[in-house]
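Chains A and B, in that order, give the protein sequences. Remember, my numbering sits 30 above the position in the first sequence when you count from 1. Remember, my numbering sits 25 above the position in the second sequence when you count from 1. Glycine residues also receive a C-beta, built at the ideal position from the N, C-alpha and C atoms. Remember, predicted model here, so these are calculated numbers, not experimental data.
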Amino acid sequence: DQQVKQNSPSLSVQEGRISILNCDYTNSMFDYFLWYKKYPAEGPTFLISISSIKDKNEDGRFTVFLNKSAKHLSLHIVPSQPGDSAVYFCAASAMMNQFYFGTGTSLTVIP
Amino acid sequence: EPEVTQTPSHQVTQMGQEVILRCVPISNHLYFYWYRQILGQKVEFLVSFYNNEISEKSEIFDDQFSVERPDGSNFTLKIRSTKLEDSAMYFCASSDDRGGQPQHFGDGTRLSIL
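Right, here's the structure in full:
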């Protein structure tokens, strides 16, 4: 049951350009969303979150956008850096209950 | 920065054997979680734990699984009779509030069932 989907398994971006990672969800009860970054052999690291009362949250080079009507969120990284190369997971929950993760998008930032 | 630590990093076990995966959450955190990621698949929620009891569990977390906080620092996941399909990365996480955000993850234990 894929309640959270990341349809792009991989993405390559030139250093300095914008990276846009996308995530779609099906459950309209989801009201809290997060992005995690994962390097090989490490656990996921929290990156940024957004609640359903907002449509944008920004933290430095990272911005998450939420489009509730489309059930879509995206993570923008600008400018992209080689150290951003990792797998990015989006996750969603309803009323702070269990989180559902997407399958991840592997980002490669090319120097 | 405080970390969630998991041991061992890799556990190899014969099918049918019991295995215990150990986690030391961040010391002032109150909420604890286990997730697993089967190779090539998504991260899946297993269980959350608060105030010495399970607060939520997924359908994956059946009777062969149990969790325990045996002392003030450790949080363990026990799989009673392992199956081949239990082979996965198991991640422990902790957080300091009900919202659970952000959850801090350990680096995982790779469980290989032979």
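Hey, is G131 (chain B)'s beta-carbon within less than 7 Å of any beta-carbon in chain A?
-> Closer than 7 Å: yes.
Pairing CB atoms from the region 90-104 of chain B with CB atoms from the region 102-121 of chain A, are three or more of them under 8 Å?
-> No, because fewer than three Cβ pairs between the region 90-104 of chain B and the region 102-121 of chain A fall closer than 8 Å, the two stretches do not touch.
Should A100 (chain A) go down as buried or exposed, given a rule of 16 or more other Cβ atoms within 10 Å for buried?
-> A100 (chain A) comes out exposed.
Using a beta-carbon distance below 7 Å, is G113 (chain A) in contact with chain B?
-> Not an interface residue.
Could you list which residues in chain B have their beta carbon closer than 7 Å to that of E72 (chain A), in chain order?
-> Near E72 (chain A) (Cβ distances below 7 Å), the residues of chain B are D132.
Given a threshold of 16 other Cβ atoms within 10 Å of its Cβ, counted over all protein chains shown, does S119 (chain B) qualify as buried or as exposed?
-> Burial check for S119 (chain B): the Cβ neighbour count within 10 Å reaches 16 or more, so the residue is buried.
On the DSSP bridge assignment, give the partners of S80 (chain B) in chain order.
-> Beta-bridge pairing links S80 (chain B) to no other residue.
Chain A beta carbons: is any one of them nearer than 7 Å to that of F116 (chain B)?
-> Taking 7 Å as the threshold, the shortest C-beta distance from F116 (chain B) to chain A falls below it.
Within the same chain, show all residues whose beta-carbon is closer than 7 Å to that of N77 (chain B), passing over the 5 residues directly before and after it, in chain order.
-> By the criterion of a C-beta distance shorter than 7 Å, N77 (chain B) is surrounded in its chain by R94, once the five residues flanking it on both sides are discounted.
Report yes or no: is there a C-beta of chain A within less than 7 Å of the C-beta of F86 (chain B)?
-> So, not an interface residue.
Rounded to whole angstroms, what's the CA-CA distance from F100 (chain B) to Y56 (chain B)? Just pull it up for me.
-> Using only the alpha carbons, I get a separation of about 10 Å.
Using a beta-carbon distance cut-off of less than 9 Å, what residues from the region 119-138 of chain A approach chain B?
-> Per Cβ criterion, the list reads F119, A121, S123, M126, N127, Q128, F129, Y130, F131, G132, T133, G134.
Secondary structure of L64 (chain B), DSSP reduced to three states | Three-state DSSP puts L64 (chain B) in coil, outside helix and strand.
If you measure from the beta carbon of E28 (chain B) to each beta carbon in chain A, is any gap under 7 Å?
-> Chain A contact via Cβ: absent.
By DSSP, does D132 (chain B) sit in helix, in strand, or in coil?
-> Reduced to three states, the DSSP call for D132 (chain B) is coil.
Please list, in chain order, all residues of the same chain as S79 (chain A) whose beta carbon is under 6 Å from its beta carbon, the five residues on each side excluded.
-> Hits under 6 Å: L64.
M59 (chain A) burial status per 10 Å Cβ neighbour count (16 or more: buried) = Looking at its Cβ environment, which holds fewer than 16 other Cβ atoms inside 10 Å, M59 (chain A) is exposed.
Outcome for S106 (chain B) when other beta-carbon atoms lying within 10 angstroms are tallied against a minimum of 16 | With fewer than 16 neighbouring CB atoms inside 10 Å of its own CB, S106 (chain B) falls in the exposed class.
Applying the criterion that 16 or more other CB atoms from any shown protein chain within 10 Å of the CB defines a buried residue, is K108 (chain B) buried or exposed?
-> K108 (chain B) should be labelled exposed.
When the Cα of S112 (chain B) is compared with those of B:D121, B:S98, B:K103, B:S137, which residue comes out closest?
-> Distance check between S112 (chain B) and each of B:D121, B:S98, B:K103, B:S137 places B:S137 closest, using alpha-carbon atoms only.
Report, in whole angstroms, the separation of the C-beta atoms of Y130 (chain A) and Q36 (chain A), which I expect to be a contact under 8 Å.
-> The Cβ separation is near 12 Å, so there is no contact.
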